[in-house]
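Colleague: Sending over a structure as structure tokens; questions will come in a sec.
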Amino acid sequence: MEITRTGNYGEYDYDDSPIICPICNEEAEVLYKNIFNNEIVGCNECIKETYENE
1 MEITRTGNYG EYDYDDSPII CPICNEEAEV LYKNIFNNEI VGCNECIKET YENE
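With full-length UniProt numbering applied, the sequence shown covers 1 to 54.
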């Protein structure tokens, strides 16, 4: 099996647009997914608020 060369040598196009959480509609640093069905369960702020309110 031959590997096709792509010419990509570590150069990446970064997307600078903010990540928006679909749960709270706020800008997020991290989105968390359910490992069993890959559904997004919230962002770092959603999770923090959930556990602070318990």
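For glycine and all other residues, C-beta sits at the position ideal for the given N, C-alpha and C. Here the structure is a predicted model, which means the values were calculated and not measured.
With DSSP collapsed to three states, give me the class of I35.
Modeller: Here residue 35 refers to the residue found at position 35 of the sequence shown. Coil.
Colleague: Taking E54 and N44 to be in contact with their CB atoms under 8 Å, please state how far apart those CB atoms are, rounded to whole angstroms.
Modeller: Position 54 of the sequence shown, counted from the start, is the residue given in the question as residue 54. Position 44 of the sequence shown, counted from the start, is the residue given in the question as residue 44. Going by Cβ atoms, the distance from E54 to N44 rounds to 17 Å, so no, they are not a contact pair.
Colleague: With 16 other CB atoms within 10 Å as the buried threshold, where does C24 fall?
Modeller: Against the sequence shown, residue 24 aligns to sequence position 24. C24 comes out exposed.
Colleague: Go through its chain and collect everything with a Cβ distance to C46's Cβ below 7 Å, but skip five positions before and after it.
Modeller: On the sequence shown, residue 46 is found 46 positions in, with the first residue counted as 1. Cβ neighbours of C46 beyond the five flanking positions: C21, I23, C24.
Colleague: Is the separation between the beta-carbon of Y51 and that of G42 shorter than 7 Å?
Modeller: Within the sequence shown, residue 51 is the residue found at index 51, counting from 1. Within the sequence shown, residue 42 is the residue found at index 42, counting from 1. Taking 7 Å as the Cβ cut-off, Y51 and G42 do not qualify as a contacting pair.
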